[in-house]
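Novice: Structure in C-alpha cells, see below.
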Amino acid sequence: MVGRAPATWAETAVPAGDAVPAAERSAAELARTAERTAASLLAPPTRLGDVVPAPEQVEPDGTADYLLAADAVIRVSADPAAVAVAGQLAALLRPPTGYPLPVTDTAAPVPAGGIALVLTDETALGAEGYRLDIRPDGVRVAAGTAAGLLHGVQTLRQLLPPTVESATPTTERWVLPGGSILDRPRYPHRGVMLDVARHFFGVTDVLRVIDHLGRYKLNRLHLHLTDDQGWRIAIDSWPRLAAVGGAGAVGDAPGGYYTQADYQRIMAYAADRYVTVIPEVDLPGHTHAALTAYGELAPDGIAPRPYTGTEVGFSYVDPSNERSYDFVADVLGELAALTPGRWLHIGGDEAFKVPAEVYAGFVDRVQRIVAGLGRDVIGWHQIAPAAHVDGRILQWWGTTGADPVTAEAVRRGARLILSPGNHAYLDMKYTSDTPIGHDWAGLIDVRRAYEWDPASHLVGVPAEAVLGVEAPLWTESVTTLAEIEFMLFPRLPAIAERGWSPRKRHDWDTFRERLAGHGPRWARAGIAYHRCPGLPWPQTVPAPRGSTSG
Ligand code: ACM
C-alpha cells in the first residue's frame, strides 16, 4: 500500500503552504500564505486556559489583558542562550505584526509594555518549567533555563490570535489574555520518531517537523535512519552504506541520504530549539540496505539486491562475524561524534531470523559499544532479555499492556519510553477509510491517541520507571511532508499532552475543545492537518480550501 494519497484524502487536508522553516520561506510561499491571512478577525478571543498541552496551573484574570503595541520591546536577561530565545520570540512575532520588537537586555532603559524573558534561580521550575505573568503593563516569562523560556514563548504564541501564524503583517489587535500560568513537564522524554528510511525526507522537511515538536513542547526527535529499504546517513568509514544502501526507498520513490553536513544542520537546528536528536541504527535486523552495500556482513556473505517492499523480519547482519562488530563500532562511533545528545538507539526489533541466545549476545556487545562511546543506549523493547547496562532505556511499542520480559528488564534497572502501538503509533489510520497508514495495531482516532496513561500503562512497571512518551511515524505509506502532517495533526498534540501535562489536567472534553481551536493556527501556518470529524473545529475561520467536513 504505497503511493500518493488519493484525491479523497486531499479533500480533507489543508494544502501545505510553506514546507520549509520560517527562515527559509521563499517569496512565493510568503505570498501564498498572505492570501490566507485576512479572515481571522472573526476568531473568538483566546483564553488563558486554551493552551495545548494543558499547563499545570492556570489563573486567568479577566481584568489584566495585555495589548502588544507597535513600540513594544522584548527585554531579556543578559545571557547568550536567553538572548537567543528572545531572538526566536522576535522572529515569531515580527512577520505577523510588522512591529520592530527590538530585543534589549534588562539593564537598558525601556518603555513599559514589553515582554520580558527572565532567567531566575527558582528551582521549583526545574529544567524545563516556566512561569508566565500577563498584566496590562507588561508580560513576563520566567524560567530557570533557556529551554523553559522557550516553552513559555510557545505558550505566548498560542495565546495570541491565530493570525500570529501569518507570515506577513496582518491587521489584528494583538491581545494576550491576562493572568498567570505555572507550568512544568510531567516527563523528561517527550518525543516523535520519524522513519526516514522507508521514504526519505530531506533536511527542510525534518526542520519543519522539529518546529512542530517545539509548538507542543516536545523535546526529543528520534530519527529512524536505517532500515531494509534505505540507509540514510553518510558514514565516512563505510561509504557504500549511504551511496549504495541509500539509493532506493519503498516502491518507486526516490532514495537519498544525509551528508554529515546535512546531519549537523539538523543537529544545530534542533539544539537551538532544545530538541535532542536520538539517531537510530536498527540492528541486527532491518539491515537489508546495509547488506546491499557490504555483502560481507550478510550471513551468506553475498550482497542482496535492493528491497523496495514493506515486509519485515527477514534481514540481519551476521552476529557470528567479527566484521559485523567493526561495522557497528565504526557506524555508532561516527554517529556519536556527530550527535550532541546523550542517546544512541540501536533498534533491536523484529530480528526474527536470529536465534534468541545469539540475539541477546549480539545486543550485549552492541550495548557495550554504546557505553564505550560514553552514551546511553535505547532499544525497542525486544532488547529486554539482554544484560543490563547503566542508563539503559527500552522503548515499548507493544499493544498488550503487559510483558513480563520487559517488566523484568525494568526490575534489573532499565527505564521505559512508552510508544504503545495501539495509542501512539501515528502511522495507524484514524478510521478504516483513512487512505494512508496501517491498521495492524488498530485504528487510532484522536481520542484513542489521547486516552491512556503512561504511568500505569504496562503491568508490572512502576510509574517511576517511565521516562516519558514518544509517537512514532513509520513511513511505508507516507511519502510527502503533507502526508507527515496529515498523520501528526491533530494526534501529535494528544500525545504531547500525555507527556507534558500532569495527570489531573488530562480531560478529553476540554482537550478536544482546546485542540480544535488550533485548527485555524495550523491552517494559517500551512500545516496539512486532518480535519477529522468529531472535533469542534471553529466555524469562524473559513474552512481550508477544498474541505468537506467541519
Ligand atoms: C517496530 O514497530 N517494529 C518497532
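In this note's numbering, the protein residues as written are 895 to 1444.
Ideal Cβ placement from N, Cα and C applies to all residues, glycine included.
So for His1412, helix, strand or coil by DSSP?
Specialist: Note: His1412 maps to coil in three-state DSSP.
Novice: Leu986 lies in the alpha helix (DSSP H); which residues open and close that run?
Specialist: Element bounds for Leu986: 974-991.
Novice: Which class does Pro1432 belong to by DSSP, given the choice of helix, strand or coil?
Specialist: Looking at Pro1432 - three-state DSSP - the assignment turns out to be coil, as it is neither helix nor strand.
Novice: Near the ligand ACM, which residues have their beta-carbon closer than 7 angstroms to a heavy atom?
Specialist: Going by the Cβ distance cut-off, the answer is Val1206, Asp1243, Glu1244, Trp1274, Trp1291, Gly1315, Pro1366, Trp1368.
Novice: I need the straight-line Cα distance from Val1206 to Ser1371, nearest angstrom please.
Specialist: If I take the Cα positions, the gap works out to 14 angstroms.
Novice: Ordered along the chain, which non-local residues of its own chain (more than five positions away) have a Cβ less than 8 angstroms from that of Gly1038?
Specialist: The answer, listed in chain order, is Leu1013, Thr1014, Asp1015, Glu1016, Thr1017, Leu1019, Gly1020, Ala1021, Gly1023.
Novice: Going straight from the alpha carbon of Ile1129 to that of Tyr1157, what length do you get?
Specialist: In a straight line, the C-alpha of Ile1129 is about 11 angstroms away from that of Tyr1157.
Novice: Please say whether Arg1309 and Ala847 have beta carbons closer to each other than 7 angstroms?
Specialist: Given that the chain is displayed from residue 895 to residue 1444, the structure contains no residue 847 and the question cannot be resolved.
Novice: Which whole-angstrom value describes the C-beta separation of Gly1273 and Gly1241, a residue pair presumed to lie in contact below a C-beta threshold of 8 angstroms?
Specialist: Correct: roughly 6 angstroms between the Cβ atoms.
Novice: Since Arg1051 is in the alpha helix (DSSP H), which residue starts that stretch and which ends it?
Specialist: Segment 1040-1053, the alpha helix (DSSP H) holding Arg1051.
Novice: When burial is assigned at 16 or more other CB atoms within 10 Å of the CB, is Ser1060 buried or exposed?
Specialist: Answer is buried; the Cβ neighbour count reaches 16.
Novice: Closer than 6 angstroms by C-beta to Ala984: which residues in its own chain qualify, once you throw out the five before and the five after it? Chain order, please.
Specialist: Correct list, in chain order: Ile968, Leu995, Val997.
Novice: So what's His1282 in DSSP terms, helix, strand or just coil?
Specialist: The answer is coil: DSSP assigns His1282 none of H, G, I, E or B.
Novice: In chain order, what are the residue ranges of uninterrupted alpha helix (DSSP H) at least 4 long that sit wholly in the stretch 1108-1142?
Specialist: Taking only runs of at least 4 residues, the alpha helix (DSSP H) segments lying wholly in the stretch 1108-1142 are 1134-1137.
Novice: Closest to Trp1237 by C-alpha separation, out of Arg1114, Asp1403, Pro954, Leu1337, would be which residue?
Specialist: Nearest of Arg1114, Asp1403, Pro954, Leu1337 to Trp1237, Cα basis: Arg1114.
Novice: Rounded to whole angstroms, what's the CA-CA distance from Gly1042 to Arg1102? Just pull it up for me.
Specialist: Distance between the alpha carbons of Gly1042 and Arg1102: 21 angstroms.
Novice: Taking just the CA atoms, how far does Gly1007 sit from Arg941?
Specialist: Going by the C-alpha atoms only, they are around 20 angstroms apart.
Novice: Quick check: the Cα distance between Gly1142 and Tyr1201, rounded to an integer number of angstroms?
Specialist: In a straight line, the C-alpha of Gly1142 is about 8 angstroms away from that of Tyr1201.
Novice: Could you give the residue range of the beta strand (DSSP E) that holds Glu1364?
Specialist: Segment 1360-1367, the beta strand (DSSP E) holding Glu1364.
Novice: If you reduce the DSSP assignment to three classes, tell me which class Gly1189 lands in.
Specialist: Reduced to three states, the DSSP call for Gly1189 is helix.
Novice: Do you know offhand how far Asp912's Cα is from Leu1054's?
Specialist: Any reading at Asp912 needs caution, since the residue's pLDDT is 36, under 50, leaving its predicted position unreliable; the model's value is listed next. Asp912 and Leu1054: Cα-Cα distance of roughly 21 angstroms.
Novice: With DSSP run on the structure shown, which of helix, strand or coil describes Val1171?
Specialist: Looking at Val1171 - three-state DSSP - the assignment turns out to be strand.
Novice: Tell me which residues share the same chain as Phe1094 and place their Cβ nearer than 8 angstroms to its Cβ, disregarding the 5 neighbours each side in the sequence.
Specialist: Excluding positions up to five away in sequence, the list reads Gly1124, Arg1126, Gly1140, Ala1143, Ala1147, Pro1148, Gly1149, Gly1150, Tyr1151.
Novice: Suppose only complete runs of 4+ residues qualify. What are the alpha helix (DSSP H) ranges in the stretch 1306-1342, listed by chain order?
Specialist: Complete alpha helix (DSSP H) runs here, min 4: 1315-1318.
Novice: Which same chain residues end up closer than 6 angstroms to Ala1036 when comparing Cβ atoms and leaving out the 5 residues on each side of it in sequence?
Specialist: Same-chain partners within the cutoff: Val1012, Thr1014, Arg1025.
Novice: Would you mind working out which of Val970, Asp1027, Thr991 sits nearest Ala958, comparing C-alpha positions?
Specialist: Comparing Cα-Cα distances from Ala958 to each of Val970, Asp1027, Thr991, the minimum goes to Asp1027.
Novice: Using the Cα positions of Leu1337 and Thr1294, report the straight-line distance between them to the nearest angstrom.
Specialist: Whole-angstrom Cα-Cα distance: 15 angstroms.
Novice: Determine which residues share a DSSP beta bridge with Asp1089 and list them.
Specialist: Answer by DSSP bridge pairing, in chain order: His1118.
Novice: Grab me the residues of Arg1342's own chain with a C-beta within less than 8 angstroms of its C-beta, minus the 5 sequence neighbours each way, in chain order.
Specialist: So the list reads Asn1316, His1317, Gly1336, once near-sequence residues are dropped.
Novice: Name the DSSP beta bridge partners of Pro954, please?
Specialist: Gly1073, per the DSSP bridge assignment.
Novice: Where do the ends of the beta strand (DSSP E) carrying Trp1290 lie?
Specialist: From DSSP, the beta strand (DSSP E) with Trp1290 extends over 1287-1290.
Novice: So what does Arg1034 bridge to, in DSSP terms?
Specialist: Answer is Ala1010, Asp1027.
Novice: Apart from the five residues on each side of it in sequence, which residues of its chain come closer than 8 angstroms, Cβ to Cβ, to Asp1224?
Specialist: Same-chain partners within the cutoff: Ile1129, Ser1131, Trp1132.
Novice: How many Å lie between Pro1432 and Gly1411 at the Cα?
Specialist: So the two alpha carbons sit approximately 6 angstroms from each other.
Novice: For Pro1213, I'd like the list of residues in its chain whose CB is within less than 8 angstroms of its CB, leaving aside the five on either flank, ordered along the chain.
Specialist: Excluding sequence neighbours, Pro1213 sits near Pro1178, Val1248, Val1252, Tyr1253, Gly1255, Phe1256.
Novice: To the nearest whole angstrom, what separates the beta carbons of Pro990 and Thr1064, a pair I think is in contact under 8 angstroms?
Specialist: Contact flag correct, Cβ pair sits at about 5 angstroms.
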